[in-house]
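First up is the structure itself, then whatever we jot down about it.
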Amino acid sequence: MAGATSEVLSAVPGGASSARRRRRRGNPWRRPWALEGFTWLYIVWSIVPVAIAVLFSFNNGASQSTWQGFSTKWYVGNSVQSVLHNPSLHQAVVQTLKLSILTTLITVPLGIGFAIGIDRWRGRTSSSLNMVMIFSFVVPELLLAVALFLLVTQLLKFLTLGTTAEVAGLVVWNFSWPAIIVRARLVTIGKTYEEAATDLGASRLSAIRRVLLPMLMPAIFASAVLVFASTVDDFVIVEQLSSTAATQPMSVLIYSNVHGGLQGPALNALATIMLFFSLAVALVGFVAYRWMTRGERSQGATQALTGIAGI
Amino acid sequence: MPGGHVKLQSLAKRFDEVTAVDGISLEIEGGEFFSLLGPSGCGKTTTLRMVAGFEPPTSGSILLDGVDVANWPPNQRNVNTVFQSYALFPFLTVAENVAFGMKYRSVPKSEVTTRVGEALELVQLAGYGKRRPNQLSGGQQQRVALARALVLRPAVLLLDEPLGALDAKLRRTLQVELNGLQKQVGITFLYVTHDQEEALTMSDRLAVMNHGQIAQLGTPEHVYTEPADAYVADFLGVSNLMEATVEAAGVGAGPCRVRLGDFLLDAATGEVRATGDVKLAIRPERVDLHPHETVGANRMPGMVERLVFLGSTTQIFLRLANGAALQALVRNDGIGLPYRQGTPVSVALPADALRVLPDPGVSVAEIHDETLGDRLLDPAGAAPV
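Residue numbers (our numbering), protein chains in the order written: chain A, 63 to 373; chain B, 707 to 1091.
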């Protein structure tokens, strides 16, 4: 049978050589070893350092490199240096939470209003406002931070450095998340539901309140999660706009102590707490988003992720 | 039920460059089932949206029981809409959806529950009140949308291709139900569709639309049997259209003599007094086939090109001696048809079925103005041609 095939192949002009070429190119359905290897390398490279940092926050000694047994003393046990007992450390945790909650509470309603506004507002103005929406993706964070610093210290002196200026800066920086995510959802929803509501007797305002806002809930929630998580992480803006040690959040404290000053696994513990906040919020967001969109067609884990990420 | 009288006067809507609705005038009686029929982009949905209040008209007026509501917001008009996509609120239960609008009519709470129950019963969904819209099938969702609109007892119910998203079988069932429902509640229905079968079976009267204008308005029977022009004839289902020349125009209501290639035929309906180039229309079910070389009135030789079995009938594609293509529809009565591909036949086009239509390239505007102008505002519609 094989002989017959090769005879047939060689009888066709060019048949034998094309078969040879196919063999040289190899099996197109083989496993992509190189890509798989690179993916694993990436995962190891990005997770291992974080895992080590977390691990050493539980070290039963003062070393950040030699394992001396498991302990939670850097969180609660140590009466001087633990996150719980060191005032500068737990002050930072409180400040981070305070900034994140305030920023989320201010940014999200503003973003919703902006998104609904430009969705309804047709014409040239709205397309230029569209550009404003991606502002924070384009402008370097450091540039914005320095500009805000000058603005607050030179011009708007009522906005004192510290929590007020920090929140103002973070709101500006994170504004794009709710604006873009809510806008994307508005486009998906379309105008029919609002039209149906006004058709049934609702005024425009009542249609927004009774129909549009409930339908926007997944997007509102997703953007709240993102704003919160990104505020927990933020360093550049808060570093510029914080004033005394009392208004330094976790990120700034960790940065200023890594190269001198306070050292040891207590910093690892602080960083772990920061990581925990971000992960917890992302997880809550993921689960809640899936729950809120459970009735919608073709929902799945991937969709929830992209929904959360605002794509 | 009193009320529900709709009158559109020179209603027009222009978007930037496009004219969607180009000055239409029509009158709908209270309790009538009226359809706007036409292909996509003919302006039927825009017309409906103007009546609903979602689009302000560029000019013209919309009289609802004598009051011009053209510039009123939708929530102040006593009309309700059933959307093609249903637009049920996904976060509310079926009962909450149906009750949605009653909040704005200050209906007492106890009465709301009763009316929701009645409305769901009316659309045969009693007991479904606690479900969510996504737990229902497409047909059931459509009924909820219907209940949600009807519970408010509007003067006019607007339906925008409400059966468009359903499969053919369900669509047929719902057509019958919807028609029965309309007769039961007695509310004026303004129904928009691109499906000529739907419009013909359900409507009391209908308007065929083309390029933002009304091409013809009348009862389904009238529009189907006496299409005003080639466009209407073509849109209302398969119709054979042939080019011909008038040899002798009809005198009075008598037939005219037309030339098709080498053959002269009599045509007794339509614009029998037309002259010059015209179109001839004949429905496939009126084309008779006789054995080859037999003689009779209004016959032409032809040849069978193709047979398509459709169940109760067979569709026969013919080629006439002058080269024109023609379709015939023959009932399958169990004896078996004596035709095959290539069978020569004698094709009879009865004079009373052969309809003369003015060539639309020349005089469509005239047809609209003269032939239809008087009929547009006449609710009876079926003025004899």
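Backbone N, C-alpha and C define an ideal beta-carbon position, used for all residues, glycine too. Here the structure is a predicted model, which means the values were calculated and not measured.
| query | result |
| --- | --- |
| Give me the subset of the region 240 to 264 of chain A whose CB atoms are less than 8 angstroms from a CB atom of chain B, sorted by chain position. | Thr254, Tyr255, Glu257, Ala258, Ala259, Thr260, Asp261, Leu262, Gly263, Ala264 |
| Nearest CA to the CA of Asn1038/B: which residue from Ser1052/B, Thr1019/B, Thr725/B? | Thr1019/B |
| Thinking C-beta only, is Phe740/B closer than 8 angstroms to Leu865/B? | no |
| Ignoring anything shorter than 4 residues, give me the alpha helix (DSSP H) runs that lie fully in the region 874 to 900 of chain B, in order along the chain. | 874 to 891 |
| Between the beta-carbon of Pro868/B and the beta-carbon of Val938/B, is there less than 8 angstroms? | no |
| Rounding to the nearest angstrom, what Cα-Cα distance links Gly76/A and Arg93/A in this structure? | Note that Gly76/A scores 48 on pLDDT, short of 50, meaning its location in the model is unreliable and no value can be drawn from it. |
| Nearest-angstrom Cα distance between Cys962/B and Thr899/B? | 36 angstroms |
| If distances are taken between C-alpha atoms only, which option among Tyr255/A, Arg266/A, Leu212/A, Ser265/A comes closest to Ser304/A? | Leu212/A |
| Give me the Cα-Cα distance between Ala980/B and Gln888/B, rounded to the nearest whole angstrom. | 41 angstroms |
| So with CB distances below 7 angstroms, who are the chain A contacts of Gly807/B? | Leu262, Gly263 |
| May I have a chain-ordered list of the alpha helix (DSSP H) segments no shorter than 4 residues that lie completely inside the region 775 to 819 of chain B? | 800 to 805 |
| Spatial neighbours of Val294/A within its chain, please: C-beta separation below 7 angstroms, excluding the five flanking residues on both sides. | Thr158, Ser162, Met336, Phe339, Ser340 |
| Using CA coordinates, which residue listed in Lys719/B, Val773/B, Leu970/B is at the minimum distance from Lys750/B? | Lys719/B |
| In chain order, what residues of the same chain lie with their CB nearer than 6 angstroms to the CB of Ala801/B, ignoring the 5 residues before and after it? | Val822, Gly835 |
| Could you give the first and the last residue of the continuous beta strand (DSSP E) run that contains Lys985/B? | 983 to 988 |
| Could you check whether the region 873 to 889 of chain B touches the region 750 to 769 of chain B, counting it as contact only if at least three pairs of C-beta atoms, one from each stretch, sit closer than 8 angstroms? | no |
| Please classify Val773/B: does DSSP put it in a helix, a strand, or coil? | strand |
| Which one or two residues does DSSP pair with Leu1026/B in a beta bridge? | Gly1008/B |
| Using CA coordinates, which residue listed in Ala269/A, Val244/A, Val249/A is at the minimum distance from Glu256/A? | Ala269/A |
| Flag Val289/A as yes if its beta-carbon sits less than 8 angstroms from any beta-carbon of chain B, otherwise no. | no |
| Using CA atoms only, rank isn't needed, just tell me which of Tyr351/A, Gly139/A, Asn192/A is closest to Gly179/A. | Asn192/A |
| Spell out whether any CB of chain B is found under 8 angstroms from the CB atom of Pro276/A. | yes |
| Could you check where the alpha helix (DSSP H) with Thr222/A kicks off and where it finishes? | Segment: none, Thr222/A is in no alpha helix (DSSP H) and carries neither H nor E. |
| Taking only beta-carbon positions, decide if Asn786/B is within less than 8 angstroms of chain A. | yes |
| Given that a residue counts as buried once 16 or more other Cβ atoms are within 10 Å of its Cβ, and exposed if not, what is Asn840/B? | exposed |
| Taking only the alpha-carbon atoms, compute the straight-line gap between Pro763/B and Asn1004/B and give it to the nearest angstrom. | 50 angstroms |
| With C-beta atoms as the reference, is Gln302/A less than 8 angstroms away from Val244/A? | no |
| Any idea what DSSP makes of Ser292/A, helix, strand or coil? | helix |
| Whole angstroms are fine: how far does the CA of Arg755/B sit from the CA of Thr725/B? | 15 angstroms |
| Is the beta carbon of Val829/B less than 8 angstroms from the beta carbon of Leu794/B? | no |
| What whole-angstrom Cβ distance do Asp1058/B and Ala974/B have, given they're in contact under 8 angstroms? | 5 angstroms |
| For Gln846/B and Leu831/B, which I take to be in contact (beta-carbon distance under 8 angstroms), what is that distance rounded to the nearest angstrom? | 6 angstroms |
| For Ser1052/B, list the residues DSSP reports as bridge partners. | His996/B, Pro1007/B |
| Any idea if Phe1015/B is buried or exposed, counting beta-carbon neighbours within 10 angstroms, 16 or more meaning buried? | exposed |
| Spatial neighbours of Gln1033/B within its chain, please: CB distance less than 8 angstroms, with the 5 preceding and 5 following residues excluded, ordered by chain position. | Val944, Asn946, Pro990, Val993, Gln1021, Ile1022, Phe1023, Leu1024 |
| With three or more beta-carbon pairs closer than 8 angstroms as the criterion, would you say the region 226 to 245 of chain A touches the region 193 to 202 of chain A? | yes |
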